[in-house]
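So the structure is just underneath, and the comments pick up after that.
Residue numbers (the working numbering): 1 to 143.
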């Protein structure tokens, strides 16, 4: 399987480290993973250009619903999202961003939170999420 993976890749940050570790796990499972910095794309149309240029992606993953997940809204590729702390602690305060994140959750096949607290906060902000899918809580030691 070939996976498109969008994340914020500012060097020496927690997001970058987490994305690299997840990429390593995806590849260790025998899949190809194209990790790209969400900051390289301004809109979903630019991701569509990448999808057309690269061979077909069978799946996609995004860390952060607003920063990266919104870029997958126009894709036909099935995708999942990983909540970032910024999603819950900052972006939900902005009504426009919150609405976009709701659209991302509605379209995503799955959502992951790395803490029980983050999971519960997400479920509180997006009560309707239960109509679409569950938020999975993973307590993972990414070494």
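Note that the Cβ used here is the ideal one computed from N, Cα and C, for glycine as well.
Residue 63 is bridged by DSSP to 82. One alpha carbon belongs to residue 76, the other to residue 109, and they sit about 12 Å apart. Bridge partners of residue 5 according to DSSP: 35, 61. Secondary structure note for residue 108: it is in no alpha helix (DSSP H), with a DSSP letter that is neither H nor E. CA-CA distance, residue 53 to residue 10, rounds to 24 Å.
For residue 16 and residue 98, the gap between their C-alpha atoms comes out near 23 Å. Bounds of the alpha helix (DSSP H) holding residue 121 are 116-125.
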